Each structure stands twice: as structure tokens, then as C-alpha cells.
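If you want the working numbering, it's the position in the sequence shown, counting the first as 1, plus 33.
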Amino acid sequence: MKIISNPLELKASLSSQKSVGFVPTMGALHEGHLALIKKAKEENDIVVVSIFVNPTQFLAGEDLDKYPRKDDADKKICSLAGVDILFFPSVEDIYGDDEVQVYAPNVRGYVLEGATRPGHFSGVLRVVMKLLNIVTPTKAYFGKKDAQQLHLIMLMVKQYFMNVEIVPVDTVRDSDGLAQSSRNVYLSKKEREEALKIPAALYAASKLVSKGVLNVDAIQNKMLEILSPLEVGYVAILDRDFNVVKSVEIGNTVILVEALAGKTRLLDNLWL
Ligand code: PAF
């Protein structure tokens with residue numbers, strides 16, 4: 034496995050003859066990332082993974098300094114997973130002064146996650162635009178767990194006529210049902226037990242839908258009942274274009290939850 038930190042060196046090392054699968058990450062790799070890498074390997078000649086804790090997607094006072102960094106373990110994981118190139122840039126390799134800006138859309142980028150973290154998605158789109166331009170992959174792989182991020186990236190690729198296929202990959206769960214996330218390491222044993230209310234609420238929603246209950250208010254109320262007493266950021270039931278709906282439509286609905294376990298904000302969702 035080659036480790037490259039310079040964007041221009043990375044560009045030069047990729048031959049245009051081969052298909053390139055790209056998995057952008059912020060490190061602290063877990064099974065969820067491995068699922069992305071595995072799919073990228075199955076579908077491409079070469080796999081590039083980036084590890085870059087992107088400062089522009091953290092707001093002032095967020096956990097940028099405390100964000101889990103496991104560089105040595107991550108390098109080993111990538112090498113064992115058969116990654117061809119690990120892109121490992123510094124902040125200076127990626128950002129310059131007085132840059133041309135990329136902004137999240139005013140509505141879709143400022144609801145749900147964007148409502149409590151205004152500007153977060155501008156930082157995500159800005160770095161993803163850069164990473165996609167550096168790697169110029171055939172396909173790029175993103176987890177469905179970050180459903181709003183995935184939606185906005187797909188929108189950017191479409192609206193800016195970018196030449197890459199975005200591949201959504203299913204969420205990987207621990208055996209207790211909790212969605213894998215780099216931030217799970219912050220959870221105490223008790224907080225983790227409380228956090229299991231999140232997959233439980235999503236499971237209850239899927240049971241209701243399978244019994245024919247499609248009304249959004251009824252599903253939301255049941256979910257809020259199960260999530261109590263967790264501090265809930267939102268329970269949203271949307272169509273796959275992220276529009277509010279009154280009724281679940283199978284094949285075109287996503288149910289999103291954000292809740293706090295202790296001080297840790299956890300996201301999860303269900304694609305119906
Ligand atoms: O999902 C993440 O890990 C990050 O938001 C991403 C897409 C790598 C951009 O920094």
C-alpha cells in the first residue's frame with residue numbers, strides 16, 4: 034500500500050486506464066468503513082482511501098481537537114483490507130488562504146443536522162469537492178448512516194455535473210443493534226445502553242409500517258415514546274429527496290433520528 038500526502042503526487046500516480054474506487058474518511062476506522070472499502074474493492078481495479086479530519090466541517094466548540102485519531106491502527110487496517118493507496122494529507126495540503134468557497138444549499142443544508150450545526154455541511158461539501166477533484170474516482174462510497182450528508186453530496190455531484198458515481202452503502206451495526214460510528218468510543222457503558230433506544234425506535238417504526246401504519250405522526254409518536262428520556266434532536270420522516278411527507282411511501286422514504294446519549298450526538302436512520 035502506498036501512502037501519499039501530496040494531492041498532486043496522488044493525481045500523478047493514478048492511471049486513467051483503471052477504474053478507481055474512493056472511500057473518503059476521517060479515520061478511526063471501524064466495520065462501517067471496512068464495508069465501504071470491501072464494496073470499492075469488489076467494483077474497481079484500484080481502491081484509494083483518504084484519512085483527513087476536516088477542520089472546516091467542525092463548528093467552534095465542537096470535538097475537532099478530541100476527535101478520535103488512530104493513525105497507526107488505521108494504516109494497518111487499510112493495508113490489511115487491501116487498499117492500494119492511502120491518501121493522508123495535512124490541513125496545509127488541502128487548504129490555502131482566501132479560497133473560492135463551496136456552500137451547502139440554504140434549505141437542505143440547514144435543516145436536521147444543519148440546524149444544530151449551521152455551516153457543517155458547507156465544510157463537508159467543500160472537502161468532498163476537493164477530494165473528488167484530487168482522486169477523480171470512477172465511484173465514491175459513502176455510508177447511508179450519514180443520510181443527509183449522502184443526500185447533499187449526491188446533489189452537489191448532480192448540480193455541478195461532476196463525473197463520478199456516488200455509491201450509498203448500508204449501515205453496519207454492532208451485535209446489539211447500535212449503528213457503528215467513530216463517536217461510539219465516547220459512550221460509557223450506561224450511555225451505550227441508553228443509546229440502544231435509537232435502533233429500537235427505528236425497529237418499532239419498521240414494525241408499524243409492516244402492519245400497514247403509514248401515517249407519519251403515528252410513527253413519530255411511537256418512536257418518541259421509545260426514545261424517551263433521551264434528548265432527541267429530531268425524528269424526521271422524509272422522502273428520498275428530503276422533502277417532508279405526511280405518509281410513508283415504501284421505496285421512497287427515509288426515517289432519520291438524532292439523539293444525545295450523554296453528551297454524544299448519535300445519528301441513525303432507516304430506508305424504507
Ligand atoms: O463522513 C465522513 O467521514 C466525513 O464527513 C467525510 C465525508 C470524509 C468528509 O470529511
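Just so you know, even glycine gets a beta-carbon here, dropped at the ideal spot from N, CA and C. Please read all numbers here as calculations on a predicted model, not as lab measurements.
Check	Outcome
Cβ shell of residue 37 (< 8 Å), same chain only, five flanking positions each side left out	43, 46, 118, 119, 120, 121
8 Å Cβ cutoff met for residue 155 and residue 124	no
Check: residue 370 C-beta below 7 Å from any heavy atom of the ligand PAF	Any question about residue 370 goes unanswered here, given that the chain covers just 34 to 305.
Local Cβ density within 10 Å of residue 65, reported as buried at 16 or more and exposed below that	buried
The region 214-234 / the region 282-298 touching (three or more Cβ pairs under 8 Å)	yes
For review: beta carbons within less than 6 Å of any heavy atom in the ligand PAF	57, 58, 59, 87, 90, 157, 160, 161, 179, 182
Closest by C-alpha distance to residue 146, when choosing among 240, 92, 168, 55	92
For residue 232, the three-state DSSP class (helix, strand or coil)	helix
Neighbour-count burial assignment, residue 167, 16 or more Cβ in a 10 Å radius	buried
Distance between beta carbons of residue 185 and residue 201, contact taken as under 8 Å	Their Cβ separation, rounded to whole angstroms, is 13 Å, which puts residue 201 and residue 185 out of contact at 8 Å.
Candidates 301, 302, 95, 70: closest to residue 151 by CA position	95
At least 3 beta-carbon pairs within less than 8 Å: the region 170-177 vs the region 52-61	yes
Residues bridged to residue 36 [DSSP beta-bridge criterion]	119
Identity of the residue in 116, 211, 62, 238 nearest residue 100 by Cα	62
Residues of its chain near residue 199, where Cβ-Cβ distance is below 7 Å and the 5 sequence neighbours each way are ignored	173, 175, 186, 187, 190
Proximity of residue 60 and residue 84 at Cβ, strictly below 8 Å	yes
Ordered list of alpha helix (DSSP H) runs contained in the region 133-190, each at least 4 residues	146-149, 153-168
Pair within 8 Å by beta-carbon distance, residue 158 and residue 137	yes
Opposing strand residues paired with residue 252 [DSSP bridges]	Per DSSP, none; premise fails for residue 252.
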